[in-house]
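Q: Dropping a structure here in structure tokens format, bear with me for questions.
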Amino acid sequence: MGRNLKLENLTKRFGSLTAVDHVNLEIEEGEFICFLGPSGCGKTTVLRMITGFETITEGKVIFDGKVINDLIPQKREFGIVFQSYALFPNMTVEENIAFGLRVRKMSKQAIAERVDQMLDLIGLRDWRKLYPAQLSGGQQQRVALVRALAPDPQVLLLDEPLSALDAKIRVRLRAEVKRLQQELRKTMIYVTHDQEEALSIADRVVVMEKGQFRQVGRPIEIYKHPVCSFVADFVGTSNFFKGVQSGNRVRVGKRTFRIAREENVTEKGVSLAIRPEKIEVFKAGDPLGGVEASNLVSGRIEVVIFLGAAVRLVVNVDGEEVISDVIEKTFEQRQLRAGQDVLLYFPPEAFLVYPLDEASS
Amino acid sequence: MNRTETIQGILPRSLWESDRLLTWITMGLLLSVLVFFLLYPVYDICKLSFFKGETFTLRNYADYFTNPRIFRSLTNSLYVSLVTTLITTVLAFFFAYGLTRTTIPMKGLFYTISTFPLIAPSIIQGLALILLFGRNGLITRYFLQTNWNIYGATGIVVAECLYCFPNALFILVTTLSAVDTRLDEAAQSLGASWFRTFYKVTLPSAKYGIASAAALVFNLTITDFGIPVVIGGHYSVLATEIYQQVIGMQRFDLGATISVILLIPSVGAFLLNYYLTKKSYSLISGQARPFLQPSRPLKKWGFTIYCWIPCLFILVVFASVFLASFVKNWPYDFSLTLKHFDFPSLGGYGPLWTAFWSSVLSGFWQSLIAYKFAPIWNSLWVAILVALGGATLTLLAAYIIEKKRPVGGQVLYTLSVLPAAIPGTVLGLGYILAFNKPYFFFYGTFWIIIINIIVANFTLGVLASIANLKQIDRSIEEAAVSLGANPITTFLRVVFPLSRTAFFSNVSFFFMRAMTTISAVIFLISAKVKLAAIEIIFLDIDGRTASANAMCTIIIVIVVAMLLVMRFITGKSGLKGMSPST
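Residue numbers (our numbering), protein chains in the order written: chain A, 122 to 482; chain B, 160 to 741.
Listed below in structure tokens is the structure:
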């Protein structure tokens, strides 16, 4: 068994505000974990408690079998990458990377070798003598990344490392972080509010809301089987309908949809969610092969948004907006245009059903 | 929470690795310095003024208010302070307006000249006015042949105006350059006249800055000692009355009573200034300000001439003191001489200095260099220690207050800001009362002077450092810690290099203050412990005016030399944004 990091009932209260509320998690050595959630959900606070910069109100942080709650940050051997890069502006790239090594009193030669190795890792050998202010944001963050990696930390913690960068560079650096993680097999904990970022790089994603872990799982599980309406809404896009379930039927307004799941017999309020790409779009007169008639609704395309490989349609169904994504090919074949009347089909198995009381949307 | 677990965690393997422990220790040291060398002396003064032996009494206050000769010092003080405040604020406001809102030429020159009064002891204004308008003044005696002279309230007011001018100017320039000029443009585009715009838009938006400058001038004037002592004549003010009662009459109780009375307006003005500065900063928009439109010729020339007036006054002050130190007999014989630099005072002694030079030199040169120049040497090394000590302590205090924010940090902040409220004379008297006891070994040595100057000027040092540290992102320190650096390494390798500019500008500030301060230190010098700035007063009192001017010139030369060195080191002027307190 490797050196695992374990959070046990970890809690942080600021006065009467509970920022992190009894969370539990076990992170395997070499795993890439993403904390994902809207701002103010407590994800950064969890990270700061792991780093030791925030005191712990209740619960434990356990690393390699030992409780490290009160271990001072510089003894934790955890590297950190900050949103603001936090490079030392008075030191060159080289000196920045060497900082953690010098503090450990490594020999000059060992430091020089390690710095070279780190610079190669990000392909920035030529920049060693430059000062942070002379680098672009993306370059600075790459330096910050290897500066944190240079002392060979047990765990690397990244606090929204890419959110200060523009979109293109963000995607490129994201891939680079992932590559580094796979090469170095280092445990990484990555905090972000960008669900696309989380889903694309993490081994496991922890979705947080209001200080609690709503769901922990592989990206695909999170996307396909969100356990609550918050996750369904926050991760990816979902259409929501409020209704009343009885058996495998859900009454939404004057309509009744059939759903695939059937567990409760008694009537209760539910929230139905469906991903835009699960909705099928037909034009009047298109052949409808074997569909459940009750799940077919008519509407009018109001807005067409071209997303690249897919096309997003905003369809007005009885005054409500329903979002549907179709692949570009289908869009062309069916000649869908704004202002057109269409039929939307919600396949019963595509519906996700959540109890209404916890629906936050 | 498990208590034992927590306590074990606080105690790291090495003491120096514990951030919290180090913070507490440093804060404890700073707090004890401030409590012991700021609060305790002030407490002693209050005690002496209210108690006779063990019994509470208002006798001293009754004495003060029933003796018209002494009581006059209060009304005199209030009168000169109010008049100075009014004149200086108005003069400085339009000067600041000229520098920030018009397109007059030579703004940099005007600004630089207006900061000159900061590099000399406040007395220089008094000395210069005496040279020009005194009993043997160049203008009064030589040109006009009148018996009128400037001693008394007029002299104090004129001199204080010159002395306080740069202090008020800093605040007003900051205020006026921060207020959005687009408001003015908007008003003018709506058809408002210049006067109406000024009166309805510019003035109201700068009101807090103006009031804060006024409060500062009031505080500086009412607490100043150097100017009234040389130019006041028989016109007594609170600050000089304290000295009179204590050193002249040995009436420590009355001195303490007057101190408490002086504390009321000075603390009041300080609090007002502090409150208004905060308000004023909250108005600063931080918006980009568009290019200033070229001023119309009338406005441009008007303001250019206007700005020259205080600048010329300041230049004349410096020129006359310089000149008077090199001429035989001002204003009658203008042939050049160096004889005034052969100071008449005898008992000078400087550690190391005297021993060294008296072994190297003999005769005239030995007495001149080893003994007569000793106060200058003393001032210099005291100033160097004050500069390094003051800049270090204020940086540490600011670091703890701004970055560490421990429990009790607010107390440290309050105590750090408080010294500006305490007049120098009051603090000086407090030091005698508190520390003139056999077991305080440092009393009567240079060390108490060094501590006094550092403590008395703590406020601006801390405020400047805090402003600088605010600009350092918290993550930068956390990055250093997460890379394994202990708190001391983090401070030395990361925080200090990033606050170097503020540190060096504090070094300049403390150095200047140590070279030029008079009010508190005059109580702490002795026959063996002499300083150059204090010698000016004694030379002047002895009637050796020319030598007083010569001493003043030497101080200015040393301060300017230091500023040039600092400028060379940091590439920046050490004067920007500095405004001393008394």
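From the three backbone atoms N, C-alpha and C, an ideal C-beta is built for every residue, glycine too.
Assuming residue 232 of chain B is part of the alpha helix (DSSP H), what are its boundary residues?
A: The count along the second sequence starts at 1 and reaches residue 232 of chain B at position 73. It spans 227-260 - the alpha helix (DSSP H) in which residue 232 of chain B sits, taken as one unbroken run.
Q: Report the three-state DSSP secondary structure of residue 745 of chain B (helix, strand or coil).
A: The requested residue 745 of chain B is not part of the displayed model; chain B covers only 160 to 741.
Q: Mapping DSSP to helix, strand and coil, what is residue 549 of chain A?
A: In the structure as shown, chain A begins at 122 and stops at 482. Residue 549 of chain A is therefore absent and cannot be evaluated.
Q: Which chain B residues are close to residue 228 of chain A, counting only those with a beta carbon under 7 Å from its beta carbon?
A: Walking along the first sequence from the start, residue 228 of chain A turns up at place 107. Correct list: empty, because the minimum Cβ distance to chain B is about 16 Å.
Q: Given that residue 637 of chain B touches chain A, what residues does it touch there, using C-beta distances under 8 Å?
A: Reading the second sequence from its first residue, position 478 is the one you call residue 637 of chain B. Those are 172, 174, 194, 201, 203, 207, listed as they occur along chain A.
Q: Within a Cβ cutoff of 6 Å, which residues of the same chain sit near residue 137 of chain A, ignoring the five residues on either side of it in sequence?
A: As a first step, residue 137 of chain A is located in the first sequence; it is residue number 16 there, counting from the start. Hits under 6 Å: none found.
Q: Rounded to whole angstroms, what's the CA-CA distance from residue 200 of chain A to residue 643 of chain B? Just pull it up for me.
A: For this step, residue 200 of chain A is matched to residue 79 along the first sequence. For this step, residue 643 of chain B is matched to residue 484 along the second sequence. Cα-Cα distance, rounded: 9 Å.
Q: DSSP has residue 366 of chain A in a bridge; who is on the other side?
A: In the first sequence, the residue the question calls residue 366 of chain A occupies position 245. Partner(s): A:371, A:389.
Q: If you check the beta carbons only, do residue 171 of chain A and residue 127 of chain A fall under 8 Å apart?
A: On the first sequence, position 50 is the one that residue 171 of chain A refers to. On the first sequence, position 6 is the one that residue 127 of chain A refers to. Not in contact: residue 171 of chain A and residue 127 of chain A (Cβ atoms no closer than 8 Å).
Q: Rounded to whole angstroms, what's the CA-CA distance from residue 145 of chain A to residue 191 of chain B? Just pull it up for me.
A: Stepping through the first sequence from its first residue, residue 145 of chain A is reached at position 24. Stepping through the second sequence from its first residue, residue 191 of chain B is reached at position 32. Roughly 45 Å between the two C-alpha positions.
Q: Taking only three categories from DSSP, how would you classify residue 378 of chain B?
A: As a position in the second sequence, residue 378 of chain B is number 219, starting the count at 1. Helix at residue 378 of chain B.
Q: Looking at chain B, is there any beta carbon in it that lies within less than 8 Å of the beta carbon of residue 282 of chain A?
A: Residue mapping note: residue 282 of chain A aligns to position 161 of the first sequence, counting from 1. Not one chain B Cβ lies under 8 Å of residue 282 of chain A.
Q: If we define contact as Cβ-Cβ less than 8 Å, is residue 644 of chain B a contact residue for chain A?
A: Here the question's residue 644 of chain B lines up with position 485 in the second sequence. With 8 Å as the cut-off, residue 644 of chain B counts as an interface residue toward chain A.
Q: Give the single residue among A:448, A:274, A:212, A:312 whose Cα lies nearest to the Cα of residue 225 of chain A.
A: By one-based count along the first sequence, residue 225 of chain A stands at place 104. Checking every option, the nearest Cα to that of residue 225 of chain A belongs to A:274.
Q: Which residue's Cα is closest to the Cα of residue 385 of chain B: B:680, B:576, B:706?
A: If you number the second sequence from 1, residue 385 of chain B lands on position 226. The shortest Cα separation from residue 385 of chain B among B:680, B:576, B:706 belongs to B:680.
Q: For residue 648 of chain B, go through chain A and note every residue whose CB falls closer than 8 Å to its CB, in chain order.
A: Stepping through the second sequence from its first residue, residue 648 of chain B is reached at position 489. What residue 648 of chain B touches in chain A: 224.
Q: Quick check on this structure: which residue in A:381, A:359, A:376, A:251 has the alpha carbon closest to the alpha carbon of residue 368 of chain A?
A: As a first step, residue 368 of chain A is located in the first sequence; it is residue number 247 there, counting from the start. Per the Cα distances, A:381.
Q: 8 Å is my cut-off, CB to CB: does residue 220 of chain A come that close to chain B?
A: Residue numbering aside, residue 220 of chain A sits at position 99 when the first sequence is read from its first letter. Yes, residue 220 of chain A counts as interfacial toward chain B.
Q: Who are the neighbours of residue 658 of chain B on chain A, taking C-beta pairs under 8 Å?
A: On the second sequence, residue 658 of chain B is found 499 positions in, with the first residue counted as 1. Chain A residues near residue 658 of chain B: none, gap ~10 Å exceeds 8 Å.
Q: Tell whether a beta-carbon distance below 8 Å holds between residue 379 of chain B and residue 323 of chain B.
A: In the second sequence, counting from the first residue as 1, residue 379 of chain B sits at position 220. In the second sequence, counting from the first residue as 1, residue 323 of chain B sits at position 164. Result yes, Cβ atoms of residue 379 of chain B and residue 323 of chain B sit closer than 8 Å.
Q: Note down, in chain order, every chain A residue with its Cβ under 9 Å from the Cβ of residue 178 of chain B.
A: Looking up residue 178 of chain B in the second sequence gives position 19. Neighbours of residue 178 of chain B on chain A, chain order: 193, 194, 195.
Q: By the DSSP assignment, the beta strand (DSSP E) with residue 476 of chain A in it spans what residues?
A: In the first sequence, residue 476 of chain A corresponds to position 355, counting from 1. Here the beta strand (DSSP E) through residue 476 of chain A covers 473-476.
Q: Name the residue from A:457, A:327, A:378, A:462 whose alpha carbon lies nearest to the alpha carbon of residue 165 of chain A.
A: Residue numbering aside, residue 165 of chain A sits at position 44 when the first sequence is read from its first letter. It is A:327 whose Cα lies nearest to the Cα of residue 165 of chain A.
Q: Assign residue 383 of chain B to one of three DSSP states: helix, strand, or coil.
A: Numbered from 1 along the second sequence, position 224 holds the residue referred to as residue 383 of chain B. The answer is coil: DSSP assigns residue 383 of chain B none of H, G, I, E or B.
Q: Across which residues does DSSP place residue 179 of chain A in a beta bridge pair?
A: Counting from 1 along the first sequence, the entry for residue 179 of chain A is found at position 58. In the DSSP output, where bridge partners are listed per residue, residue 179 of chain A has A:132.
Q: Can you tell me which of B:564, B:264, B:669 puts its alpha carbon nearest to the alpha carbon of residue 539 of chain B?
A: Counting from one through the second sequence, the residue named residue 539 of chain B turns up at place 380. The residue with the shortest Cα to Cα distance from residue 539 of chain B is B:669.
Q: What does the alpha-carbon distance come out to for the pair residue 132 of chain A and residue 329 of chain A?
A: To locate residue 132 of chain A, count along the first sequence from 1; it is residue 11. To locate residue 329 of chain A, count along the first sequence from 1; it is residue 208. The alpha-carbon atoms of residue 132 of chain A and residue 329 of chain A are separated by roughly 13 Å.
Q: For residue 211 of chain A, would you say it is in contact with chain B, using Cβ-to-Cβ distances shorter than 8 Å as the test?
A: On the first sequence, residue 211 of chain A is found 90 positions in, with the first residue counted as 1. Yes, because at least one Cβ of chain B sits closer than 8 Å to the Cβ of residue 211 of chain A.
Q: Give the secondary structure of residue 208 of chain B by DSSP, where H, G and I count as helix, E and B as strand, and everything else as coil.
A: On the second sequence, position 49 is the one that residue 208 of chain B refers to. In this structure, residue 208 of chain B counts as helix in the three-state DSSP scheme.
Q: Please give me, in chain order, every unbroken run of the alpha helix (DSSP H) with length at least 4 that falls completely inside the stretch 321-381 of chain B.
A: Fully enclosed alpha helix (DSSP H) runs of 4 or longer: 340-348, 353-356.
Q: Pull the bridge partners of residue 139 of chain A from the DSSP assignment, please.
A: Looking up residue 139 of chain A in the first sequence gives position 18. Answer is A:134.
Q: Tell whether a beta-carbon distance below 8 Å holds between residue 310 of chain A and residue 168 of chain A.
A: On the first sequence, position 189 is the one that residue 310 of chain A refers to. On the first sequence, position 47 is the one that residue 168 of chain A refers to. Against a cut-off of 8 Å, the Cβ pair of residue 168 of chain A and residue 310 of chain A comes out as a contact.
Q: List, in chain order, every chain B residue whose beta-carbon is nearer than 7 Å to that of residue 272 of chain A.
A: Stepping through the first sequence from its first residue, residue 272 of chain A is reached at position 151. Under the 7 Å cutoff, chain B gives 642, 643.
Q: Whole-angstrom Cβ separation of residue 300 of chain B and residue 490 of chain B, contact assumed at under 8 Å?
A: The sequence position of residue 300 of chain B within the second sequence is 141, counting from 1. The sequence position of residue 490 of chain B within the second sequence is 331, counting from 1. Their Cβ separation, rounded to whole angstroms, is 6 Å, which keeps residue 300 of chain B and residue 490 of chain B in contact under 8 Å.
Q: Check residue 249 of chain A in the structure and name its three-state DSSP category.
A: Mapped onto the first sequence, residue 249 of chain A falls at position 128. Reduced to three states, the DSSP call for residue 249 of chain A is coil.
Q: For the beta strand (DSSP E) that residue 318 of chain A lies in, which residues bound it at each end?
A: On the first sequence, position 197 is the one that residue 318 of chain A refers to. Here residue 318 of chain A belongs to no beta strand (DSSP E); instead the alpha helix (DSSP H) covers 316-322.
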